[in-house]
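Peer 1: Numbering (the UniProt record's numbering), first residue to last: 1 to 357.
Before we start, here is the structure in question, set down as structure tokens.
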């Protein structure tokens, strides 16, 4: 029953609707043949393939059970996450810790800038294969008492006021897990192994989900989404989050981010690290569009080495997946600078660098 009565602008008779509907485009519906049911029902342009008696939508139960519970497209933006981003209630704990380290003064009196802001695991373990020396001098390592010395003497001393203040400032709740105690070392991060595989580069305005599915069917091994602006992602724009969608057939999939400042890029990296499923994240340092270049993003980052380093180090410190960078040979004509940046990018934390002419 329609509460609008004769004032309703829609048809309520299915037979009348099908009589006015344009003829079907074919005899078979690809959704019905693949998934066992078509969600469009009578409105489908191939409706005769799955309409039964009384214009009821037919469902192939055996085929539908095979796809039950499987997400065909992942990395969707939920309403809850969009609300948190718009209300600025999402927690950027790791990113804020890194950004605070950038603002701390260095030993020479200047604030943290070039070469600062390294993550704790990078400072503690510079080379995972090299054994640490001088563990006895480390204040965190246990020191065995000498012969004749009371091992409980230090334990009977009252703790310093500084330690009480630090303990009081830490608020904990709930059980302690391994993630709270054990930090991920740089050598334990997931490796990006794409040697000998065909990589479909990110193509802005072209490399969308349907296009990547076709390329995947034709032999592409590694796919990457279109360039997404980090500020739009942090604002929860659904149109920008659509660029991060991943089809279930994409085995190795990454997303590409564009930004000009370490705060937004680091926060966006932590956001994606917690909310979507990707195998790597790529930084676009090759976009020549004026709108991007004039804001300091894209290929303009190659001329802003200080900000470029902070962005790469910050994103590397908050990610559990490999970080890749796309650069150009240079910004100005006949002035190549890529060969100078490549050794630095590896030191900053980039797992792979692709060069565009």
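All C-beta atoms in this analysis are idealised placements derived from N, C-alpha and C, irrespective of residue type, glycine included.
Can you give the Cα-Cα distance for residue 18 and residue 34, rounded to whole angstroms?
Peer 2: Their backbone Cα atoms lie some 24 Å apart in a straight line.
Peer 1: Would you kindly check if the distance between the Cβ of residue 331 and the Cβ of residue 266 is under 8 Å?
Peer 2: Cβ atoms of residue 266 and residue 331: not closer than 8 Å.
Peer 1: Could you work out which residue in 283, 290 and 336 is closest to residue 311 when comparing CA atoms only?
Peer 2: The option with the nearest alpha carbon to residue 311 is 283.
Peer 1: If we call anything under 8 Å between Cβ atoms a contact, is residue 77 one with residue 238?
Peer 2: Cβ atoms of residue 77 and residue 238: closer than 8 Å.
Peer 1: Grab the span of the beta strand (DSSP E) containing residue 223 for me, first residue to last.
Peer 2: 222-229 is the span of the beta strand (DSSP E), which, as asked, contains residue 223.
Peer 1: Which of helix, strand or coil does DSSP assign to residue 326?
Peer 2: strand
Peer 1: What alpha helix (DSSP H) runs, 4 residues minimum, are completely inside the stretch 229-259?
Peer 2: Segments of the alpha helix (DSSP H) lying fully in the stretch 229-259: 230-234 and 238-241.
Peer 1: Cα separation between residue 87 and residue 195?
Peer 2: 43 Å
Peer 1: Could you check whether residue 224 and residue 202 sit closer than 8 Å to each other, using their CB atoms as the reference points?
Peer 2: The answer is yes: Cβ separation under 8 Å.
Peer 1: On the DSSP bridge assignment, give the partners of residue 352 in chain order.
Peer 2: 324
Peer 1: Rounded to the nearest angstrom, what separates residue 20 and residue 240 at their Cα positions?
Peer 2: 37 Å
Peer 1: Could you tell me if residue 193 is buried or exposed, where buried requires 16 or more neighbouring beta carbons within 10 angstroms of its beta carbon?
Peer 2: exposed
Peer 1: Assuming the contact rule is C-beta atoms closer than 8 Å, residue 281 and residue 321 should be a hit. Round their C-beta distance to whole Å, please.
Peer 2: 6 Å
Peer 1: Going by C-alpha distance, which of 353, 228, 339 and 234 is nearest residue 297?
Peer 2: 228
Peer 1: Can the beta-carbon of residue 304 be found less than 8 Å from the beta-carbon of residue 348?
Peer 2: It is not a contact, given that the beta carbons lie outside the stated cut-off.
Peer 1: Helix, strand or coil for residue 304 per DSSP?
Peer 2: Secondary structure of residue 304 (DSSP, three-state): coil.
Peer 1: Sorted by chain position, which residues of the same chain lie with C-beta nearer than 6 Å to residue 364's C-beta, five sequence neighbours on each side aside?
Peer 2: For residue 364 there is no data in the structure shown, the boundaries of the chain being 1 and 357.
Peer 1: Our contact map puts residue 247 next to residue 73 with C-beta atoms below 8 Å; I'd like the distance itself, whole angstroms only.
Peer 2: 6 Å
Peer 1: Would you call the stretch 252-270 and the stretch 92-103 in contact, with 3 or more CB pairs under 8 Å?
Peer 2: Contact holds: three or more Cβ-Cβ distances are below 8 Å.
Peer 1: Could you pull the DSSP bridge partners for residue 281 from this structure?
Peer 2: DSSP lists 255 and 323 as partners of residue 281.
Peer 1: Please state whether the Cβ-Cβ distance between residue 353 and residue 324 is less than 8 Å.
Peer 2: The answer is yes: Cβ separation under 8 Å.
Peer 1: For residue 37, collect the residues of the same chain with a Cβ closer than 6 Å to its Cβ; drop the 5 residues on either side in sequence, then sort them by chain order.
Peer 2: Excluding sequence neighbours, residue 37 sits near 59 and 64.
Peer 1: Name the two residues that bound the continuous alpha helix (DSSP H) containing residue 103.
Peer 2: 93-103
Peer 1: Which word fits residue 269, buried or exposed, when buried means at least 16 other C-beta atoms lie within 10 angstroms of its C-beta?
Peer 2: Result: buried.
Peer 1: DSSP three-state call for residue 200: helix, strand or coil?
Peer 2: Residue 200 carries a strand assignment under DSSP once its states are collapsed to helix, strand and coil.
Peer 1: With 16 as the cutoff for other CB atoms within 10 Å, does residue 206 come out buried or exposed?
Peer 2: exposed
Peer 1: Assign residue 335 to buried or exposed, taking buried as 16 or more other Cβ atoms, counted over all protein chains shown, within 10 Å of its Cβ.
Peer 2: exposed
Peer 1: On the DSSP bridge assignment, give the partners of residue 74 in chain order.
Peer 2: 246
Peer 1: Counting only the same chain and skipping the five closest in sequence on each side, list residues whose C-beta sits under 8 Å from that of residue 289.
Peer 2: 298
Peer 1: Is DSSP giving residue 209 helix, strand or coil here?
Peer 2: helix
Peer 1: Suppose contacts are defined by Cβ-Cβ distances below 8 Å. Is residue 286 in contact with residue 346 by that definition?
Peer 2: no
Peer 1: Quick check on the burial criterion: 16 or more other C-beta atoms within 10 angstroms. Buried or exposed for residue 256?
Peer 2: Burial of residue 256 is indicated by the presence of at least 16 other C-beta atoms within 10 angstroms of its C-beta.
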